[in-house]
Amino acid sequence: MSVFIIITLIVLVFIIIYQIGKASEYAVVLRGEEKVKSQANAVIAILLLLLFPLGVWGIWECNEIFKDRMLPVAACKTGENYDSMFMMTTAVTGVVFFLTQFLLFWFCYKYQASNKRSAFFFAHSNKLELIWTTIPAIAMAILVAIGLRNWYDVTSVAPAEATVVEVVGKQFNWIVRYPGKDNELGKRDFRKIDDANNVLGLDWTDPHNSDDIVSQNGELHVVVGKPVKLLIGSRDVIHDVGLPHFRMKMDAVPGITTTLWFIPSITTDSMKQITKNPDFVYEIACDQLCGKGHYSMRGTVIVETQAQHDKWLASQQSYYSQNNPSAAPAAGENAKPKTDSVKAVTMK
Ligand SMILES: [Cu+2]
Numbered sequence: 629m630s631v632f633i634i635i636t637l638i639v640l641v642f643i644i645i646y647q648i649g650k651a652s653e654y655a656v657v658l659r660g661e662e663k664v665k666s667q668a669n670a671v672i673a674i675l676l677l678l679l680f681p682l683g684v685w686g687i688w689e690c691n692e693i694f695k696d697r698m699l700p701v702a703a704c705k706t707g708e709n710y711d712s713m714f715m716m717t718t719a720v721t722g723v724v725f726f727l728t729q730f731l732l733f734w735f736c737y738k739y740q741a742s743n744k745r746s747a748f749f750f751a752h753s754n755k756l757e758l759i760w761t762t763i764p765a766i767a768m769a770i771l772v773a774i775g776l777r778n779w780y781d782v783t784s785v786a787p788a789e790a791t792v793v794e795v796v797g798k799q800f801n802w803i804v805r806y807p808g809k810d811n812e813l814g815k816r817d818f819r820k821i822d823d824a825n826n827v828l829g830l831d832w833t834d835p836h837n838s839d840d841i842v843s844q845n846g847e848l849h850v851v852v853g854k855p856v857k858l859l860i861g862s863r864d865v866i867h868d869v870g871l872p873h874f875r876m877k878m879d880a881v882p883g884i885t886t887t888l889w890f891i892p893s894i895t896t897d898s899m900k901q902i903t904k905n906p907d908f909v910y911e912i913a914c915d916q917l918c919g920k921g922h923y924s925m926r927g928t929v930i931v932e933t934q935a936q937h938d939k940w941l942a943s944q945q946s947y948y949s950q951n952n953p954s955a956a957p958a959a960g961e962n963a964k965p966k967t968d969s970v971k972a973v974t975m976k
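Using our numbering, you'd call the opening residue of the sequence shown number 629 and step up by one each time.
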């Protein structure tokens with residue numbers, strides 16, 4: 629029914645426009661072209677003048693609709709810096725936008741075609757060129773400088789005490805590897821990748837691999853207040869580790885290790901209270917269209933206290949002992965079932 633109404637409306641609007649066109653043709657014949665033209669100009673000028681407040685109202689309404697769906701406060705210092713950069717850019721470009729748009733519509737009205745005056749013409753003004761080149765150039769340079777400073781914050785050398793975690797994308801989930809007790813990630817080789825029992829291609833001859841923990845449920849556990857450095861890679865195509873709550877993202881490129889580091893400042897539990905949402909989770913969203921299962925490539929970041937983290941870590945079994953059953957568990961490690969990998973999120 630609604631389709632029928634919409635089609636009828638479209639046809640009616642089309643007929644109305646056609647009739648207006650025909651009527652104005654007759655009017656030109658009857659009243660003379662000049663008069664009709666100037667009347668049409670006046671109407672268009674007023675309509676344009678009305679379009680400006682209408683547009684501003686539209687922007688306001690969109691903002692009202694979406695303001696509840698905005699991201700909560702940034703969950704790390706760098707994220708806060710990104711937010712303030714965003715607000716500053718919006719303020720600067722916003723002032724310029726509203727000013728120029730207002731002038732555009734106002735001039736359309738004020739200087740509509742008229743027989744009473746002729747157009748003022750001037751070809752060139754050095755002063756004007758200088759002003760409208762220099763001011764935007766300085767403003768842009770400042771904004772770019774702030775952006776670069778934030779970018780270096782994220783990609784610079786991480787503090788020595790930072791926890792190193794590897795995040796590897798594949799079609800279509802995230803694999804996370806923690807270094808285990810020796811605090812060092814072992815070597816891996818793509819030729820050793822085997823979906824059944826070596827998803828990252830860990831080189832078992834490297835002793836650093838014996839205690840590495842591999843999680844395939846897309847959960848990234850990090851400690852609040854402690855720097856974490858992500859080593860990002862991909863097994864197949866380009867993915868992207870998008871961390872909207874931390875205002876960060878970094879491409880996961882096959883064959884290249886990219887990095888970023890940050891200090892999570894709000895635990896998942898605290899964020900549940902801040903957002904008043906008991907189901908709140910920090911999300912890892914793949915920010916690079918990577919294939920038919922791209923939409924499902926969602927991971928979570930769990931920001932927890934050191935005590936919670938230690939408890940979780942103790943419950944994990946090394947990937948080596950999971951996949952080499954004859955191997956005795958490393959000292960101090962309990963051999964619980966593989967809690968993470970059974971929940972593996974995979975898309976066929
Ligand atoms: Cu992806």
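Beta carbons are placed, not taken as given, at the ideal position from N, Cα and C, and that holds for glycine.
Inset, instruction - Could you please go through the chain and list the residues whose beta-carbon is closer than 6 Å to any non-hydrogen atom of ligand 1? - result: Gly797, His867, Cys914, Gln916, Cys918, His922, Met925
Legend entry - alpha helix (DSSP H) segments (min. 4 residues) lying fully within the segment 688 to 714: none
Legend entry - Phe818, buried or exposed, once every other Cβ within 10 Å from all chains shown has been counted against 16: By one-based count along the sequence shown, residue 818 stands at place 190. When all chains shown are included, Phe818 counts as exposed.
Inset, instruction - Within its chain, find whatever has a CB closer than 8 Å to the CB of Pro855; leave out the 5 residues flanking it on each side and keep chain order. - result: As a working note, residue 855 is residue 227 in the sequence shown. Cβ neighbours of Pro855 beyond the five flanking positions: Ala786, Pro787, Glu789, Ala790, Thr791, Trp889, Phe890, Ile891.
Inset, instruction - Name the one or two DSSP bridge partners that Phe890 has. - result: Within the sequence shown, residue 890 is the residue found at index 262, counting from 1. In the DSSP output, where bridge partners are listed per residue, Phe890 has Val856.
Inset, instruction - Please confirm if the segment 872 to 891 is in contact with the segment 844 to 855, defined as three or more CB-CB distances below 8 Å between the two stretches. - result: yes
Legend entry - Where the beta strand (DSSP E) through Tyr910 begins and ends: On the sequence shown, residue 910 is found 282 positions in, with the first residue counted as 1. Tyr910 -> beta strand (DSSP E) spans 910 to 914.
Inset, instruction - Check whether the Cβ atoms of Ile912 and Gly861 lie closer than 8 Å to each other. - result: Reading the sequence shown from its first residue, position 284 is the one you call residue 912. Reading the sequence shown from its first residue, position 233 is the one you call residue 861. Contact flag unset, no.
Legend entry - Buried versus exposed, by CB contacts within 10 Å (16 or more), His1015: Outside the shown range of the chain (629 to 976) lies residue 1015, about which nothing can therefore be said.
Inset, instruction - For Trp802, name the three-state secondary structure that DSSP assigns. - result: Translated into the one-based positions of the sequence shown, residue 802 becomes position 174. Of the three classes helix, strand and coil, the one that applies to Trp802 here is strand, per DSSP.
Legend entry - Under 8 Å between C-beta atoms of Val931 and Ala703: Sequence index remark: in the sequence shown, residue 931 carries index 303 (1-based). Sequence index remark: in the sequence shown, residue 703 carries index 75 (1-based). Going by C-beta atoms, Val931 is nearer than 8 Å to Ala703.
Legend entry - Opening and closing residue of the alpha helix (DSSP H) in which Thr928 lies: Along the sequence shown, read from residue 1 onward, the residue named residue 928 stands at position 300. That residue, Thr928, is in no alpha helix (DSSP H); its beta strand (DSSP E) goes 926 to 932.
Legend entry - Cutoff 8 Å: Gly722 Cβ touching any chain C Cβ: Judged by its chain identifiers, the structure shown contains no chain C, having just a single protein chain.
Legend entry - Three-state class that DSSP yields for Ala816 in the structure shown: Position 188 of the sequence shown, counted from the first residue, corresponds to residue 816. The sequence as given places Arg at residue 816; Ala does not occur at that position. In this structure, Arg816 counts as strand in the three-state DSSP scheme.
Legend entry - Separation of Phe908 from Asn825, as counted between CA atoms: For the purposes of this step, residue 825 is taken as residue 197 along the sequence shown, with counting starting at 1. For the purposes of this step, residue 908 is taken as residue 280 along the sequence shown, with counting starting at 1. Taking the straight line from one Cα to the other gives about 32 Å.
Inset, instruction - Using only alpha-carbon positions, find the residue among Leu771, Asn952, Leu731, Gln916 that is nearest to Thr718. - result: Locating residue 718 in the sequence shown gives position 90, counting from the first residue. Ranking Leu771, Asn952, Leu731, Gln916 by Cα distance to Thr718 puts Leu771 first.
Legend entry - Residue burial classification, Ala880 (beta-carbon count within 10 angstroms, cutoff 16): Locating residue 880 in the sequence shown gives position 252, where the first residue counts as 1. Burial call: buried.
Inset, instruction - Assign Ala719 to one of three DSSP states: helix, strand, or coil. - result: Translated into positions along the sequence shown, residue 719 becomes position 91. DSSP places Ala719 in helix when its eight states are reduced to three.
Inset, instruction - Compute the beta-carbon to beta-carbon distance between Leu813 and His836, rounded to the nearest angstrom, for a pair I have assumed lies under 8 Å. - result: Counting from 1 along the sequence shown, the entry for residue 813 is found at position 185. Counting from 1 along the sequence shown, the entry for residue 836 is found at position 208. About 7 Å separates the two Cβ atoms, so the contact holds.
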